[in-house]
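Visitor: Sharing a structure, written as structure tokens. Questions coming.
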Amino acid sequence: MKMANFLTVEDSPQLAAGSFNMEQALRCPVCRAKFRRTRECSRCGADLSTLMILSVKAMLCRKNARKAIHSGEFQRAYDLATDAQETHATHTGRQLLLLTSWLNAEL
């Protein structure tokens with residue numbers, strides 16, 4: 004069985020560039036303005052870099068979970084999907100978590 008090469012937040016060009024695709028709209032934790040993929044809130048000026056890091060971390064965990072599924076590492080996939088949902092819950096992330104849970108139970 005081939006081991007997958009997993010990514011880290013530091014490996015993410017999206018974070019370095021300040022742009023990444025998110026499924027669910029996040030909001031500024033200070034004023035609740037819609038997150039506009041910038042490091043600073045457009046309404047109140049709050050620093051949103053931590054929010055960006057958490058979103059990218061969740062995205063990379065999901066990507067690594069999919070890689071783990073392809074390489075047959077179902078427990079690792081489940082752990083990564085769980086981490087992603089705990090960091091930034093999304094509908095697709097929930098589906099991935101359910102899939103990895105089923106794979107662990109069945110295989």
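Be aware that the sequence shown starts at 4, since it is given in the numbering used here, and climbs by one per residue. Glycine is no exception: its CB is placed at the ideal position from the N, C-alpha and C atoms.
#1: Provide the residue span of the alpha helix (DSSP H) that contains alanine 87, from first to last.
#2: Measure the CB-CB distance between lysine 60 and threonine 90 and report whether it falls below 8 Å.
#3: For alanine 68, count neighbouring Cβ atoms within 10 angstroms of its own Cβ and tell me buried if that reaches 16, exposed if not.
#4: Compare the beta carbon distance of serine 64 and alanine 87 with 8 Å and say whether it is the shorter of the two.
#5: Measure the beta-carbon distance from cysteine 34 to arginine 46 and round it to whole angstroms, keeping in mind my assumption that it falls under 8 Å.
#6: Excluding five sequence neighbours on each side, which residues of the same chain lie with their C-beta closer than 8 Å to the C-beta of phenylalanine 77?
#7: Within the same chain, show all residues whose beta-carbon is closer than 6 Å to that of alanine 80, passing over the 5 residues directly before and after it, in chain order.
Guide: The relevant details are as follows:
#1: 77-90
#2: yes
#3: buried
#4: Residue identity differs from the one stated: residue 64 is cysteine in this sequence, not serine. Yes, they are a contact pair.
#5: 5 Å
#6: Ala71, Thr103, Leu106, Asn107 and Leu110
#7: Ala68, Ala71, Ile72 and Thr103
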